[in-house]
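Notes for the one structure printed next.
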Amino acid sequence: PQVVEIEEASFPLPWKAEFFLTEGQNPHGWLWVAEKDAVVVGYLCGWLVADEGEILRVAVHPASRRCGVGTVLLDKSIGIAGQRGVRTLHLEVRASNRSAIELYTSHGFREVGRRARYYENGEDALVMRWEGTAVREDS
Numbered sequence: 068p069q070v071v072e073i074e075e076a077s078f079p080l081p082w083k084a085e086f087f088l089t090e091g092q093n094p095h096g097w098l099w100v101a102e103k104d105a106v107v108v109g110y111l112c113g114w115l116v117a118d119e120g121e122i123l124r125v126a127v128h129p130a131s132r133r134c135g136v137g138t139v140l141l142d143k144s145i146g147i148a149g150q151r152g153v154r155t156l157h158l159e160v161r162a163s164n165r166s167a168i169e170l171y172t173s174h175g176f177r178e179v180g181r182r183a184r185y186y187e188n189g190e191d192a193l194v195m196r197w198e199g200t201a202v203r204e205d206s
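Numbering-wise, the sequence shown is residues 68 to 206 according to this note's numbering.
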């Protein structure tokens with residue numbers, strides 16, 4: 068319920084609770100939450116397939132924004148992706164979402180494309196990519 072509340076406070080067209088439950092069953096999917104005092108204050112979900120990953124959603128409760136929650140979630144995602152052999156991560160972000168773009172850029176994501184009129188209001192999406200070194204330890 069806390070993830071859905073954050074989703075609804077963060078996106079004009081929020082995903083339904085069923086989506087998060089379904090993603091929890093996806094062997095390629097992940098959902099990580101950040102907590103403060105046992106309360107979920109943010110989450111990040113995505114997919115990892117072979118040596119690529121996609122970040123589908125990052126959201127932080129409005130009262131916890133600009134407090135490093137997104138940084139913690141992104142750091143964790145990049146770290147685990149690298150450990151699993153992922154060499155690239157992709158995401159899409161609204162062209163107007165300056166704070167998210169700054170966060171992604173500070174973590175090494177670079178704009179690699181633009182999807183014109185991608186969102187329901189006609190706004191463009193920036194396509195961003197992170198390229199790193201996989202640190203997979205195969206046994």
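Using N, Cα and C, we set each Cβ at its ideal position, and we do this for glycine too.
Predicted, not measured: the structure shown is a model, and the values here were computed from it.
May I ask which residues mark the beginning and end of the alpha helix (DSSP H) holding VAL139?
Indexing the sequence shown from 1 puts residue 139 at position 72. Membership of VAL139 in the alpha helix (DSSP H) is indicated by the continuous run 136-150.
So GLU187 is in the beta strand (DSSP E); what residue range does that whole segment cover?
Position 120 of the sequence shown, counting from 1, holds the residue named residue 187. Neither: GLU187 is in no beta strand (DSSP E) and is coded neither H nor E.
Can you list, in chain order, the residues of its chain whose CB lies under 6 angstroms from that of ILE73, leaving out five sequence neighbours each side?
The count along the sequence shown starts at 1 and reaches residue 73 at position 6. Around ILE73: ALA126 and HIS128.
Do you know offhand how far ASN93's Cα is from GLY113's?
Working through the sequence shown from its first residue, we reach residue 93 at position 26. Working through the sequence shown from its first residue, we reach residue 113 at position 46. Straight-line Cα distance between these residues: approximately 10 angstroms.
Proximity of TRP99 and LEU111 at Cβ, strictly below 7 angstroms
If you number the sequence shown from 1, residue 99 lands on position 32. If you number the sequence shown from 1, residue 111 lands on position 44. It is a contact, given that the beta carbons lie within the stated cut-off.
In whole angstroms, what separates the C-alpha of GLU119 from that of ILE147?
In the sequence shown, the residue the question calls residue 119 occupies position 52. In the sequence shown, the residue the question calls residue 147 occupies position 80. Going by the C-alpha atoms only, they are around 12 angstroms apart.
DSSP state of ALA130 mapped onto helix, strand, coil:
Sequence index remark: in the sequence shown, residue 130 carries index 63 (1-based). For ALA130, the secondary structure class from DSSP, reduced to helix, strand or coil, is helix.
Tell me the residue span of the alpha helix (DSSP H) that contains ARG154.
Sequence index remark: in the sequence shown, residue 154 carries index 87 (1-based). Looking at the DSSP string, ARG154 is not in any alpha helix (DSSP H), and its letter there is neither H nor E.
Span of the alpha helix (DSSP H), counted from its first residue to its last, around LEU170:
To locate residue 170, count along the sequence shown from 1; it is residue 103. Start and end: 165-173.
Going along the chain, which residues of its own chain have a beta-carbon closer than 6 angstroms to the beta-carbon of GLY175, five neighbours each way excluded?
Within the sequence shown, residue 175 is the residue found at index 108, counting from 1. For GLY175, where only same-chain residues beyond five positions count, the Cβ hits under 6 angstroms are TRP197.
Please classify ALA167 as buried or exposed, where buried requires at least 16 neighbouring CB atoms within 10 angstroms.
Working through the sequence shown from its first residue, we reach residue 167 at position 100. It counts as buried.
Nonlocal neighbours in the same chain, by C-beta distance under 7 angstroms from GLU190, ignoring five residues either side
Numbered from its first residue, the sequence shown carries residue 190 at position 123. Counting only Cβ-Cβ distances below 7 angstroms, and skipping sequence neighbours, we find ARG161, ALA162 and SER163.
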